[in-house]
Amino acid sequence: MKALCWNGVNDLRVERVPDPSILNPKDAIVRVTMSSVCGSDLHLLDGYVPTMKAGDIIGHEFIGEVVETGSGVKKFKKGDRVVVCSIIGCGGCAHCLDNDWSLCDNSNTKPEYLDKAFGYATAGIFGYSHAFGGYAGSHAEYIRVPFADQGAFKVPEGLPDESLVFVSDAFPTGFMAADMCGIEPGDTVAVWGCGGVGQMAIRSAYLLGAGRVIAIDRFEDRLQTAKEQGKAEVLNYEKVDVLEALKEMTGGRGPDRCIDAVGLEAHTTGVEEYYDKVKQTLRIETGRPAVLRQAIMACRKGGTLSIVGVYGGLLDKFPMGPAMNKALTFRMGQQHGQRYIPELLDIVAQGKVDPSYILTHKWTLDQGPEGYQMFKKKTDNCMRVVFTP
Amino acid sequence: MDTYDSRLSEILRTARISPPSTGSSRINVGTKERMASTIGGALMVYYGMRRSDKVGVALALAGGSLIFRGVTGYCPINDATGRNTAGKEDVAIEITSSLTINRPRAEVYAFWRQLENLPRFMSHLKDVQQLGPKRSHWVAKLPKGVGVVEWDADLVKEETDTLLAWRSLPGSDIDNAGEVAFVDAIGERGTVVQATISYRPPAGDVGGGVAKLLNPAFEQMVKQDLHAFKQLLETGEVPTIEGQPSGRR
Ligand SMILES: NC(=O)c1ccc[n+]([C@@H]2O[C@H](COP(=O)([O-])OP(=O)(O)OC[C@H]3O[C@@H](n4cnc5c(N)ncnc54)[C@H](O)[C@@H]3O)[C@@H](O)[C@H]2O)c1
Ligand SMILES: [Zn+2]
Ligand SMILES: [Zn+2]
């Protein structure tokens, strides 16, 4: 089959690889009908996630059709149309049973790496490096889905892939970001980052009762989408002082809840950017925590920081003083998709949210490398490019 | 303080079983060259993966240990280093590690007690056969298909749902012993399994030295085996990526 393989930093190629096969009883093989890029992939492209190996198939946000099931798969049969959670959970460990699926004890095939890096290994993720299990990803014609009964979900009929594919990753991530905020009626929620994840966080914040959402980015097209599709008030951080603006907009109080939907490659300007870039390049710090720093300062006293932007290792100049003295609550994590996906499919089926507006480009898998270049450089107003094999 | 539960601290790491010291630790397969490359390969694989800083924390079964233990016991090492191993006292290497498994204690114990199950999660074991109520026969694979090592072992402690310990019989390819304790986790969180695996490197300086060098690798292997045990019990399978497609050439 055809697959998009990582071959080194910023080196993606479409290659011919063998078709996947059932390796364990609880596996299913899914024929991919649509597979999306995600901001998380950029961390792979840019080399911030170690343990990638040349030839690894990337991609983790996808929808398709079941073509084969292992003997242990109970929920699905050939022909079922399914959306699959980007993160793999076994369903049998204490964390999965607690509904904290991305903390699964068992789905990571190589826990020894994260056991050392994080203290305890977290779940396996499709197409996301060997530290996260080394699973082949979804930018391919077929994909093997381990623990299919847990990770795959039959989709409602009559809806196109475009509306459903983001229920795999961007929507549950954005929804979890809002959920972790513990929003109380009337709360003001500030969202850093207006990519697919940020857009979904904005919609989710309103679903969960926010009074007001303020979205922050620098790309006008993305801010425009946040405004039109998400009813967010918007701030371009290149044009205004975000801290001052947020304070002013909230009557001197500060946003109640702050969402980081940017992560370790946050963009900044001036001295701060120079400082972090140098340190990151030398691998003295592994993230550029500009958004985190700003969100901690911006958040109201006693407020909540909800972090779904991905971080990998060490951060520098972390404003612990303000966080501690303002008694902030930190919530964070990779998404627990299995917890949210059934509910989100209902929301999409009922037409409350149609996530297809974050899809800006529909290309073929052959155009994978160019698609990623466009997504990375955010040219042609690209928010998310999806590939059809 | 009223909620303090001392069971775990009382039970874990109390008992100890040592491998016999029969002086028979030796390996009897392969040519010198093959053995040398086995060690080289194993070192590269495991050391390349990243050196462990904390040596001496791990658990599980004799399986893999035997290999390294066996490999290091083989005289070509001594040939290669030109050292004389005669006349030095031997040391037992011991690794302990624990994991919590989200299944009832009786089930976890029963799975381990069925010794034929061990190769399903101990990747370096080829086969274990129960020969009688207490006696079993073990076959472990050497890396790179160089051959196998075999020994008989006896269960020396068996407390249903609580404790299992075994020890190889004198005259084995590798003197080794293992002990596994099964304890209810506090607050209905399943079963804590603590395994202690020990083996006796061959007598002498080089044997002990090389064994120590390989300890992190051994520790890693023991941990992997214990994790596979947990995966098998909690999910019914051991997740793998072996055999999946990639663009690697
Ligand atoms: N937790 C999870 O399970 C999960 C799942 C999916 C994605 N993610 C993470 O979420 C983050 C966003 O993903 P995405 O797909 O939307 O990525 P994206 O690259 O499309 O969007 C990121 C956005 O952040 C903006 N940004 C950069 N610096 C900023 C700053 N200083 N202030 C405000 N905005 C800034 C960029 O302009 C861009 O629009 C990534 O870190 C990704 O890894 C996490
Ligand atoms: Zn993602
Ligand atoms: Zn799990």
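Chains Y and U, in that order, are what the protein sequence lines are. For the first sequence, the numbering used here assigns the number 1 to the initial residue and increments by one for each residue that follows. For the second sequence, the numbering used here assigns the number 1001 to the initial residue and increments by one for each residue that follows. For each residue, glycine too, the CB sits at the ideal point set by N, CA and C.
Excluding the 5 residues flanking it on each side, Y:P319 has same chain C-beta neighbours closer than 8 Å at R293, I296, M297, in chain order. Between ligand 3 and Y:H95, a heavy atom-to-CB distance of less than 7 Å is present. In this structure, Y:V189 places its C-beta atom within 8 Å of the C-beta atom of Y:D256. For U:I1197, the nearest beta carbon of chain Y is not closer than 8 Å to its own beta carbon. With at least 16 other beta carbons inside 10 angstroms of its own, Y:Y237 counts as buried. Closest by C-alpha distance to Y:T329, out of Y:I183, Y:A94, Y:F153, is Y:I183. Runs of beta strand (DSSP E) with 3 or more residues, each lying fully within the region 160-248 of chain Y, are found at 188-192, 212-217, 233-236, listed in chain order. Close partners of Y:G134 in chain U (Cβ separation under 7 Å): I1241. Less than 8 Å divides the Cβ of Y:E61 from the Cβ of Y:D169.
Y:R300 is classed as buried because its beta carbon has at least 16 other beta carbons within 10 Å across all chains shown. Placement of the Cβ of Y:C104 at a distance of less than 7 Å from at least one heavy atom of ligand 3 is found. Contacts with chain U (Cβ-Cβ distance below 8 Å) from the region 59-74 of chain Y involve G72, listed in chain order. Shown here, Y:I341 sits in a helix according to DSSP, grouped into three states. In this structure, the CA atom of Y:T122 is about 35 Å from the CA atom of U:V1146.
Rounded to whole angstroms, the separation of the alpha carbons of U:E1116 and U:V1148 is 17 Å. Residue environment: Y:P25 is assigned as exposed (fewer than 16 neighbouring CB atoms within 10 Å of its CB, all protein chains considered).
At least one heavy atom of ligand 1 is found less than 7 Å from the C-beta of Y:W192. Counting only runs of at least 3 residues, the region 20-77 of chain Y fully encloses the following beta strand (DSSP E) elements, listed from N- to C-terminal order: 28-36, 61-69. The beta-carbon of Y:N106 is placed less than 8 Å from the nearest beta-carbon of chain U.
Put simply, the region 270-278 of chain Y does not touch the region 226-234 of chain Y. Fewer than three CB pairs are less than 8 Å apart. Boundaries of the beta strand (DSSP E) harbouring U:T1196: 1191-1199, taken from the DSSP string.
Interface residue (Cβ-Cβ distance to chain U less than 8 Å): Y:K2 is not classified as such.
In this structure, Y:T268 lies near Y:A290, with their beta-carbon atoms less than 8 Å apart. For U:H1227, the nearest CB of chain Y lies under 8 Å from its own CB, placing it at the interface with that chain.
Three or more beta-carbon pairs separated by less than 8 Å link the region 1095-1113 of chain U to the region 1151-1161 of chain U, which places the two stretches in contact.
Between the region 110-121 of chain Y and the region 141-154 of chain Y, the count of Cβ pairs shorter than 8 Å is below three; the stretches do not touch. Interface residue (Cβ-Cβ distance to chain U less than 8 Å): Y:N24 is classified as such. Excluding residues up to 5 positions away in sequence, C96, W101, C104, S107, A123, F147, Q150, G151, Q338 lie with their Cβ nearer than 7 Å to the Cβ of Y:G89 in the same chain. Within 10 angstroms of the beta-carbon of Y:R222 lie 16 or more other beta-carbons, which makes it buried. Nearest C-alpha to Y:V353 among Y:G252, Y:T33, Y:L159: Y:L159. When only Cα atoms are considered, Y:W192 and Y:V308 end up about 10 Å apart.
For U:L1164, the enclosing beta strand (DSSP E) starts and ends at 1163-1168. Y:Y48 is classed as buried because its beta carbon has at least 16 other beta carbons within 10 Å across all chains shown. Relative to the non-hydrogen atoms of ligand 1, the Cβ of Y:I29 never comes closer than 7 Å to any of them. Counting every other CB atom within 10 Å of its CB across the protein chains shown gives Y:M34 a total of 16 or more, marking it as buried. What Y:G124 touches in chain U, judged by beta-carbon distance under 8 Å, is P1239, going in chain order.
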